[in-house]
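In the numbering used here, the protein residues as written are 835 to 1054.
Beta carbons: idealized from backbone N, C-alpha and C, even for Gly.
If you're wondering where the values come from, they're calculated on a predicted model, not measured in any experiment.
This report refers to the structure that appears directly beneath it.
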């Protein structure tokens, strides 16, 4: 069962209702339209992801590879109980590695997928910069793969001041970021709803593999 309009309709209504009672009353809908398609998607991606990296955690359970629908509001000004965005994330064991992840996330207004860091540790970014400046083979392979494709865009907050003005512009795009990821964003929901959408993700993740190998090099 693929992600569908009913998936996004449930997420939107659940967020607007903002009620535990409403969620409990409609929990079967959550399981049918949100959780079941996400479980299926994780299962479909497992083989491809483990070919890229056998250490990736690909487990079709909430709290593992699947996000929770409710929010932790203890330390948040926004007391909305439920989120309207869900995601599947695939990374190495956080207790052992500080590594990038592959992900797919969707909400009623867009969906996106890719790989990288949400907030890269400064130590990791500094190690990546050193690899770039040394012309490390893994960086050169990642740069070549990135420039060869037109599906993903490099992303991540820039420093306010250009710290590498003496470097070529194509390197500055990598060097001057506080974090880094490679993302495709879309509003083409008919693509998201396809039974074989996982095949697009598989192909995308294979394209991203050289970039992923470069990013994990910082933790080696």
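Residue 975 versus residue 1049 - alpha carbon distance: If I take the Cα positions, the gap works out to 12 Å.
On the DSSP letters alone, give me the boundaries of the alpha helix (DSSP H) that residue 973 sits inside. 971-982 is the span of the alpha helix (DSSP H), which, as asked, contains residue 973.
If you draw a straight line from the C-alpha of residue 1038 to the C-alpha of residue 853, how long is it? Straight-line Cα distance between these residues: approximately 37 Å.
Where does residue 857 fall in DSSP's three states? In the three-state DSSP reduction, residue 857 falls in the helix class (H, G or I).
Unbroken alpha helix (DSSP H) run spanning residue 1018, endpoints: Counting along the chain, residue 1018 falls outside any alpha helix (DSSP H), though it belongs to the beta strand (DSSP E) covering 1015-1020.
Taking residue 844 as part of the alpha helix (DSSP H), name the residues at either end of that continuous run. Looking at the DSSP string, the run of the alpha helix (DSSP H) that includes residue 844 is 839-851.
Using only CA atoms, which one of 836, 865 and 985 lies nearest to residue 848? Per the Cα distances, 865.
Looking at the unbroken alpha helix (DSSP H) that takes in residue 867, where does it start and where does it end? That residue, residue 867, is in no alpha helix (DSSP H); it is neither H nor E in DSSP.
Taking the alpha carbon of residue 981 as the point to measure from, which residue in 1045, 918, 997 and 844 has its own alpha carbon closest? For the residues 1045, 918, 997 and 844, the minimum Cα distance to residue 981 belongs to 1045.
Would you call the region 924-934 in contact with the region 997-1005, where contact means no fewer than 3 C-beta pairs closer than 8 Å? Pairwise C-beta distances place the region 924-934 out of contact with the region 997-1005, as fewer than three of them are shorter than 8 Å.
Cα-Cα, which of 846, 956, 944 and 937 is closest to residue 950? Comparing Cα-Cα distances from residue 950 to each of 846, 956, 944 and 937, the minimum goes to 937.
Distance, residue 1011 Cα to residue 890 Cα: Between the C-alpha atoms of residue 890 and residue 1011 there is a straight-line separation of about 25 Å.
Mind checking which residues open and close the alpha helix (DSSP H) that includes residue 948? Per DSSP, residue 948 lies in no alpha helix (DSSP H) segment; the continuous beta strand (DSSP E) that holds it begins and ends at 945-950.
Which two residues bound the contiguous alpha helix (DSSP H) that contains residue 998? Where residue 998 is concerned, there is no enclosing alpha helix (DSSP H), given that its DSSP letter is neither H nor E.
Alpha helix (DSSP H) segment containing residue 1037, residue limits: The continuous alpha helix (DSSP H) containing residue 1037 extends over residues 1031-1051.
May I ask you to report which of helix, strand or coil DSSP gives residue 987? The answer is strand: DSSP assigns residue 987 an E or B state.
Give the list of continuous beta strand (DSSP E) stretches no shorter than 3 residues that lie fully inside the region 890-939. Secondary structure within the region 890-939: the beta strand (DSSP E) runs of 3 or more consecutive residues, fully enclosed, are 920-925 (chain order).
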